[in-house]
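Numbering (the numbering used here), first residue to last: 1345 to 1548.
Every residue gets a Cβ at the ideal spot worked out from N, C-alpha and C, and that includes glycine.
See below for the structure under consideration.
Below, the structure is given as structure tokens:
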């Protein structure tokens, strides 16, 4: 293989190992065995295991935010953007079980702390994007003008992260997209059904 192809193959194998979380630890020794390489050969492509995980996180960032940017460019309605982004996040998880363990930090336990910090930044970027789309929905009168966009964006992200956790902890049997249409209706109507009465009642 060419050097770039070998790096990609190493990352693909690492992601495949993460799809079997109970099988074995994701050590460089186990990874090298799966690849039929020596650990020394691995380190010719990556300086450390942390660098390999950084490669997976880079794939997550490029894939998710590339598609999110397309959603923002192609969909003009704020709520349509939110729905598409949430569906994308859940669908990406279903198609990439190993990456789900990276997204929830499960695969990063006992690894370099900068990896968890980078995943936290991914979450923050997603939440900021959702908040932007929700403010657009408020400007277009799709959401009540008093909707707390920050809290609503956080609620939506927490829903997604919760689905990611359920998927991983079920051994990837419980689909993150199960009942998505009904769940979206509940999320969609949450501001009108719960936020507005609170403000009308005089709550801060």
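Pair within 7 Å by beta-carbon distance, residue 1362 and residue 1451: yes
Span of the alpha helix (DSSP H), counted from its first residue to its last, around residue 1418: 1393 to 1418
Distance check for residue 1501 and residue 1467, CA to CA, integer angstroms please. 8 Å
So, under 8 Å CB-CB, residue 1473 and residue 1412 are touching, yes? Tell me the CB distance rounded to an integer number of Å. 6 Å
Looking at C-beta atoms only, is the number of pairs between the stretch 1423 to 1443 and the stretch 1480 to 1488 that lie closer than 8 Å three or more? yes
Short check: CB of residue 1449 to CB of residue 1460, under 7 Å? yes
Please name the residue in 1372, 1359, 1503 whose C-alpha comes closest to that of residue 1392. 1372
Would you check whether the ligand GTP has a heavy atom nearer than 6 Å to the C-beta of residue 1529? Inclusion of the ligand GTP in the displayed structure is not the case, the ligand content being empty and no account of it being possible.
For residue 1499, the first and last residue of its enclosing alpha helix (DSSP H): 1493 to 1513
Opening and closing residue of the alpha helix (DSSP H) in which residue 1431 lies: 1422 to 1439
Going by DSSP, what residue range makes up the alpha helix (DSSP H) through residue 1463? 1457 to 1483
Once you ignore the five residues that flank residue 1516 on each side, which residues in its own chain have a CB closer than 6 Å to its CB? 1441
Proximity below 7 Å, CB of residue 1471 to CB of residue 1497: yes
Is it true that the CB of residue 1355 sits closer than 7 Å to the CB of residue 1399? yes
Terminal residues of the alpha helix (DSSP H) in which residue 1532 lies: 1524 to 1534
If you reduce the DSSP assignment to three classes, tell me which class residue 1448 lands in. coil
Mapping DSSP to helix, strand and coil, what is residue 1389? coil
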